[in-house]
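Down below is the structure, laid out as structure tokens.
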Amino acid sequence: MKKQRKFIILIALLAISTFIVSCSPKFWNRANKTYQPLPVITNPKNPDSIREAYQFLKEKTEYDAFIAIKNDSILASWSDIHLPIMTHSARKSIMSVLYGIAIDKGLIRLNQTLAELKIDDNKAPLTAVEKTCTIRDLLMSRSGIYIEAAGETKEMKASRPQRGMHKPGEFFYYNNWGFNVLGTIFEQQTQLSIGQAIEEWLAKPLGMKKFKANYVIYKQPDYSEHKQYIIFMTAEDMARIGMLMLNEGKWKGKTIVSAKWVAESTYPYSEDKNNEPFDHYAYLWLNDTDEGTFWASGWGGQFMIVDRKNQLVVVSRNDTGRALLQQGLFMWKGKQASRQHHQDLHHLMIESCL
Numbered sequence: 000m001k002k003q004r005k006f007i008i009l010i011a012l013l014a015i016s017t018f019i020v021s022c023s024p025k026f027w028n029r030a031n032k033t034y035q036p037l038p039v040i041t042n043p044k045n046p047d048s049i050r051e052a053y054q055f056l057k058e059k060t061e062y063d064a065f066i067a068i069k070n071d072s073i074l075a076s077w078s079d080i081h082l083p084i085m086t087h088s089a090r091k092s093i094m095s096v097l098y099g100i101a102i103d104k105g106l107i108r109l110n111q112t113l114a115e116l117k118i119d120d121n122k123a124p125l126t127a128v129e130k131t132c133t134i135r136d137l138l139m140s141r142s143g144i145y146i147e148a149a150g151e152t153k154e155m156k157a158s159r160p161q162r163g164m165h166k167p168g169e170f171f172y173y174n175n176w177g178f179n180v181l182g183t184i185f186e187q188q189t190q191l192s193i194g195q196a197i198e199e200w201l202a203k204p205l206g207m208k209k210f211k212a213n214y215v216i217y218k219q220p221d222y223s224e225h226k227q228y229i230i231f232m233t234a235e236d237m238a239r240i241g242m243l244m245l246n247e248g249k250w251k252g253k254t255i256v257s258a259k260w261v262a263e264s265t266y267p268y269s270e271d272k273n274n275e276p277f278d279h280y281a282y283l284w285l286n287d288t289d290e291g292t293f294w295a296s297g298w299g300g301q302f303m304i305v306d307r308k309n310q311l312v313v314v315s316r317n318d319t320g321r322a323l324l325q326q327g328l329f330m331w332k333g334k335q336a337s338r339q340h341h342q343d344l345h346h347l348m349i350e351s352c353l
């Protein structure tokens, strides 16, 4: 009986391990052939602020990687900036850049409606009014479609309006159904997977070190037709996207995404209350208009600040795991990193340049 029980437990553990591995992207240590190392600033104006930042990172924060870019060169870096980490909701800002490129290519139009695109949800069919939602509404998180979606937090579920309460375009609600359906639309209209698009449109031209198409995986819920796309990316590779935005869509003089899109997609459209330090929402970017910055922000501590005034990109990352078991352990330990710590590091980087 004991042997039989041990055998059952062993089989169960093997099944769980196989499932965990199957749900995880495969990461490689070698750099991409198109990798372009970034230059390093060896003599910052105020090195004491850099040293203070490193001490702060070690003693006060939960971050596993940190990098700051000034004028297209590495100002500071700490720990493993080449470790692929789940971006969580920072994925949405990456998607915003992809949409800009697709629009520049004429593959997508902002005023296209869900009806025109033949988008529905076979688990919760849309109404005629809901199908008037446009791509612009989705990017602004004003879809007016309030359906359960993969990747929602407890807070998102609790604050979700009743279905039919607002028409598309009327009301801002941070809505994972809309974010997920943007992934569906993107792949439908471009005929590329999200991973392929990031690799071809961003990773190769920007000289990313690690990103591959298989760094994007999907979660298919049983209550919505639309999958949640999950992006893994290193701190340094993410910083390159921030650099692209800082440089108005250009990389080494070549336009990757139009300056028009960079300006339009980071404009503070919707007031975002009770979400400090953010006060407005753009096209999948979060605005801190007091500081004049825009952010990519994700659960667990995935933060990137793009600071036009000071020509800075600052990225902090917290490793929440690359497999289901690791993610469970992360949640059990409660290791979430704070936005305030990222702000403090941003201010130290500003001081280091004075």
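Number 97 in numbering that gives the first Met the number 0 belongs to position 98 of the sequence shown; there are no gaps in the numbering. Just so you know, even glycine gets a beta-carbon here, dropped at the ideal spot from N, CA and C.
Contacts around residue i, its chain only, beta-carbon distance under 8 Å, and the 5 residues preceding and following it disregarded
i, result
"Ala359", "It is not possible to answer for residue 359, since the shown part of the chain is limited to 0 through 353."
"Asn45", "Glu350, Ser351, Cys352, Leu353"
"Gln310", "Lys69, Asn70, Leu245"
"Ile255", "Ile100, Trp200, Leu201, Pro204, Leu205, Leu243, Gly248, Lys249"
"Ile107", "Tyr98, Ala101, Ile134, Ile184, Phe185, Gln188, Thr189"
Length of the line joining the Cα atoms of residue i and residue j
i, j, result
"Ser21", "Tyr228", "Its pLDDT being 46, under 50, Ser21 is placed unreliably by the model, and nothing is read from it."
"Lys130", "Asp289", "36 Å"
"Leu283", "Ser264", "8 Å"
"Gly291", "His340", "18 Å"
"Ile93", "Glu51", "30 Å"
"Gly177", "Ile193", "16 Å"
"Ala336", "Arg135", "31 Å"
"Asn42", "Ala238", "21 Å"
"Asn138", "Leu245", "Before going further, note that residue 138 is Leu rather than Asn in the sequence given. If you take the alpha carbons of Leu138 and Leu245, they lie about 20 Å apart."
"Pro276", "Asp287", "6 Å"
"Gln190", "Trp200", "13 Å"
"Gly320", "Trp260", "33 Å"
"Gln111", "Met155", "26 Å"
"Asp63", "Ile304", "17 Å"
"Leu109", "Ala101", "11 Å"
"Gln301", "Leu56", "14 Å"
"Phe26", "Met164", "44 Å"
"Ala281", "Gln54", "34 Å"
"Val314", "Arg90", "14 Å"
"Ala75", "Asp343", "14 Å"
"Ala220", "Ile49", "Reading the sequence as shown, one finds Pro at residue 220 and not Ala. Taking the straight line joining both Cα atoms gives about 44 Å."
"Gly168", "Asn175", "16 Å"
"Ala234", "Glu61", "15 Å"
"Gly299", "Lys272", "21 Å"
"Leu347", "Asp306", "13 Å"
Residues near residue i by beta carbon distance below 6 Å, same chain, minus five either side
i, result
"Ala202", "Phe210"
"Asp119", "Leu125"
"His225", "Asn179, Val180, Thr183"
"Tyr173", "Ser140"
"Leu113", "Lys130, Cys132"
"Ile73", "Leu37, Val39"
"Asp79", "Ala64"
"His345", "Ile304, Val313"
Assigned exposure category for residue i - 16 Cβ within 10 Å defines buried
i, result
"Arg338", "buried"
"Gly150", "buried"
"Ala159", "Per the sequence presented here, residue 159 reads as Arg, with Ala not at that position. Buried is the call here."
"Glu198", "buried"
"Thr126", "exposed"
"Asn128", "According to the sequence as given, residue 128 is Val; it is not Asn. So Val128 counts as exposed."
"Asn274", "exposed"
"Met242", "buried"
"Glu58", "exposed"
"Gly252", "exposed"
"Gly297", "buried"
"Val39", "exposed"
"Asp47", "exposed"
"Thr33", "exposed"
"Gly105", "exposed"
"Glu115", "exposed"
"Pro36", "exposed"
"Thr86", "buried"
"Ala258", "exposed"
"Ala196", "buried"
"Ala157", "exposed"
Contacts around residue i, its chain only, beta-carbon distance under 7 Å, and the 5 residues preceding and following it disregarded
i, result
"Tyr222", "Lys122, Glu147"
"Asp318", "Asp63, Leu82, Ile84"
Bridge partner(s) assigned by DSSP for residue i
i, result
"Ile216", "Ile229"
"Ser269", "Tyr280"
"Lys253", "Trp250"
Entirely within the segment 23-101 and at least 4 residues each: give me those alpha helix (DSSP H) ranges in chain order.
-> 46-59
Sequence ranges, alpha helix (DSSP H) only - wholly within the segment 170-194, length at least 4 | 175-189
At 3 residues or longer, and completely inside the segment 271-331: list those beta strand (DSSP E) runs for me, N to C.
-> 277-280, 285-287, 292-297, 301-306, 311-316
Going along the chain, which unbroken runs of the beta strand (DSSP E) with 3 or more residues stay wholly within the segment 102-135?
-> none
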